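Position one of the sequence shown corresponds to residue 95 (our numbering), numbered consecutively onward. Virtual Cβ for every residue (Gly too), placed ideally from N, Cα, C. All of these numbers come straight from a predicted model, not from anything done at the bench. Structure first, commentary second.
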Amino acid sequence: MGSTTEITFDIKLIPVFDGSSQPVAEWLEQLELICELSGIQDVSRIIPLRLVGGALAVYKQLPLEDRRKTEKIREALLRAFAVDSYVAYNEFIVRKLRIGEVPDVYLADLRRLADLAGGVSEKVLRSAFVCGLPSRIRQMMKAGARMESLTLYEVLGRVRAILVEESSSIGDEG
Numbered sequence: 095m096g097s098t099t100e101i102t103f104d105i106k107l108i109p110v111f112d113g114s115s116q117p118v119a120e121w122l123e124q125l126e127l128i129c130e131l132s133g134i135q136d137v138s139r140i141i142p143l144r145l146v147g148g149a150l151a152v153y154k155q156l157p158l159e160d161r162r163k164t165e166k167i168r169e170a171l172l173r174a175f176a177v178d179s180y181v182a183y184n185e186f187i188v189r190k191l192r193i194g195e196v197p198d199v200y201l202a203d204l205r206r207l208a209d210l211a212g213g214v215s216e217k218v219l220r221s222a223f224v225c226g227l228p229s230r231i232r233q234m235m236k237a238g239a240r241m242e243s244l245t246l247y248e249v250l251g252r253v254r255a256i257l258v259e260e261s262s263s264i265g266d267e268g
């Protein structure tokens with residue numbers, strides 16, 4: 095007899111989506127990843143189970159045949175709730191590293207906003223990343239090496255190192 099592996103699936107792993115709780119593209123990506131890892135083939139049957147409020151209303155407006163097509167549901171939700179490219183660009187240019195925020199999260203959000211705005215080069219993304227850092231970190235970065243010669247991920251690594259060094263020196267002073 096062959097061995098069969100049964101995968102259990104907890105629907106509550108997928109957060110409820112109302113259209114405002116989190117970015118729609120992020121929610122869809124999370125939902126699709128959970129379904130993929132759980133072995134669920136027909137995502138269109140799972141999506142409506144986690145929709146509420148305005149998001150559920152958007153789903154209900156779809157023709158019945160489109161409700162059975164993941165791509166049609168995805169398109170409708172993105173049309174209704176995705177950030178407009180002008181708004182995304184504005185958020186991109188004013189985005190700064192927040193107090194207590196990990197630089198990797200800051201970079202991921204910058205990349206998301208850039209993609210929503212229509213995309214930017216790695217060089218522009220690197221510049222925006224550095225410009226959004228607190229001035230003391232920017233100055234340390236510029237003092238250390240030629241910024242243009244570093245890749246985005248090298249810059250990220252240096253920022254991580256500076257933040258770790260700062261937090262450990264604060265702990266030493268206490």
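Item	Value
Range of the contiguous alpha helix (DSSP H) that encloses Gly147	Gly147 to Lys154
Per-residue DSSP class, three states only, for Phe186	helix
Local conformation of Ala103 per DSSP, three classes	One detail in the question is off: residue 103 reads as Phe in this sequence, not Ala. In the structure shown, Phe103 sits in coil (DSSP, three-state: anything other than H, G, I, E or B).
Proximity below 9 Å, CB of Met87 to CB of Ile256	Any answer about residue 87 is impossible in this case: the structure gives the chain only from 95 up to 268.
Nearest-angstrom Cβ-Cβ length linking Asp112 and Ala170, presumed shorter than 8 Å	Contact doesn't hold; Cβ gap of about 15 Å is too wide.
Neighbourhood of Asp136 by C-beta distance below 8 Å, restricted to the same chain and skipping five residues each side	Thr164
For Lys106, the nearest candidate out of Ile141, Ile231, Asp203 and Phe186 (CA to CA)	Ile141
Span of the alpha helix (DSSP H) around Glu88	There is no way to answer for residue 88, as the model of the chain reaches only from 95 to 268.
Nearest-angstrom Cβ-Cβ length linking Arg189 and Asp203, presumed shorter than 8 Å	7 Å
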